[in-house]
Amino acid sequence: MTRAKILSVGRYLPERRVTNFDLANMFETSDEWIQQRTGIVERRYADEGVFCSDLALEASKDCLKNAGMKPEDIDFIVFATLSPDHHFPGTGVYLQRKLGITDIGCLDIRNQCTGFLYSLAVADAFVRMGMYKRILVVGSEVHSSALHYTKEGRDVAVLFGDGAGAVLVGPSDGSSGILSSHLHADGRYAEILMLEIFNISKKPYITHQTLDEGKQYPKMVGREVFKVAVTKIPEVVNEALNANNLKVEDIDIFLPHQANLRINQFAAQQLGVPEEKFFSNIQRYGNTTAGSLPIALSEALEQGLIHEGSLIMMVAFGSGFTWGANIIRW
Ligand code: ACO
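Start counting the sequence shown at 3; every next residue gets the next number (this note's numbering).
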């Protein structure tokens, strides 16, 4: 069976930088607290009026430019986000329209910080089946509109930033490509990190009361996220290594989801991976959720950390809980 590979990568980060000091001017927090707990120094925020699909469009254009292709060359779109333009329709169709193309299928994936890994696995399967040849896989987030800039919401507000990344996936003509993907979820933790406002069991499903209660902002039990993440990340890394008869030392670079530098440092330590092999850019962008992995891949390539034949492992953990890993030969 033909293997699928990443043909091209692109990213887009909004220009507006918001430092920890800027946040400390808005509510009770400090640069020291944020850096110590998360490693984050600053993040990017999209301007008022900018949609998730707008960031995705810029990342897609960058990706297409790097591939030397046009939007018409794409034959399917997989779109991952937890901050869609609207509750429905899915954001993939908005991206399709903004790219100036019609007809091709658009699939929206709702797996939060693991969204890009799930999306890539779906694209990989479609390509291997021979169903499509040029799949645009995008992860994009506008978190800044849904954060609670108060003492009450500060635990979540300091973590997230806006941004998007995109890759083109197509058939490989050699040994390079996605070797395997390993996806997991555990719905028993669904309420640990969630946005409650869309409660379809209620008639009507949004009320003045739920707004007054702040249910439009994400809620998180941070310690629980941390605890499960540092267990599941090493577990799924080992699962992916075992599936390919590889050892930790065989991996040239780990691209972990950028949720918290401390989580990644802890995981790297447990796995015995030197920190410099565990890519990080969370210092500059915070947690861009579905955008985090393609942004990291794009920057790692630009920094010359990935070469032909490099073995890459992507690993992510997030709300759901969902988690996963893949191994790619570049
Ligand atoms: N600034 C200053 N103080 C704060 C802030 C803040 N931004 N946030 C919380 N605090 C305070 C709390 O109020 C609390 O004060 P108290 O002791 O007076 O009650 C104190 O700091 C400790 O709060 P904890 O929540 O216990 O802090 P903790 O050490 O657990 O760190 C953190 C919080 C950084 C959120 C940590 O739990 C964490 O990183 N968890 C993982 C979060 C994560 O990765 N989420 C993204 C998942 S990915 C996805 O799917 C979207």
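Where a beta carbon is used, it is the ideal one built from N, C-alpha and C, also for glycine.
All of these numbers come straight from a predicted model, not from anything done at the bench.
Indicate whether residue i and residue j have their beta-carbon atoms separated by less than 9 Å.
i           : j           : result
residue 144 : residue 85  : yes
residue 167 : residue 282 : no
residue 322 : residue 157 : no
residue 61  : residue 13  : yes
residue 163 : residue 47  : yes
residue 170 : residue 9   : yes
residue 259 : residue 319 : yes
residue 316 : residue 130 : no
residue 279 : residue 308 : no
residue 18  : residue 179 : no
The ligand ACO and residue i: does any heavy atom of the ligand fall closer than 8 Å to the residue's C-beta?
i           : result
residue 189 : no
residue 267 : no
residue 285 : no
residue 130 : no
residue 157 : yes
residue 54  : no
residue 36  : yes
residue 19  : no
residue 228 : yes
residue 261 : yes
residue 291 : yes
residue 245 : no
Kindly give me the distance between the Cβ atoms of residue i and residue j, rounded to whole angstroms, as I take these residues to be in contact under 8 Å.
i           : j           : result
residue 119 : residue 326 : 4 Å
residue 277 : residue 267 : 7 Å
residue 250 : residue 273 : 6 Å
residue 219 : residue 148 : 6 Å
residue 314 : residue 297 : Contact doesn't hold; Cβ gap of about 14 Å is too wide.
residue 245 : residue 182 : 5 Å
residue 261 : residue 115 : 6 Å
So, is residue i buried or exposed, given that buried needs 16 or more other C-beta atoms within 10 angstroms?
i           : result
residue 301 : buried
residue 203 : exposed
residue 89  : exposed
residue 207 : exposed
residue 223 : exposed
residue 234 : buried
Item to check | beta strand (DSSP E) runs wholly inside the region 125-195, at least 3 long, in chain order | outcome: 137-143, 165-173 and 179-187
Checklist entry - In the region 203-289, which residue ranges form an unbroken beta strand (DSSP E) of at least 3 residues, counting only runs that do not cross its ends? => result 255-258
Checklist entry - Mind pulling the alpha helix (DSSP H) runs of 4 or more residues that sit fully within the region 58-87? => result none
Item to check | Any alpha helix (DSSP H) of 4 or more consecutive residues that is wholly inside the region 92-116 | outcome: 93-100
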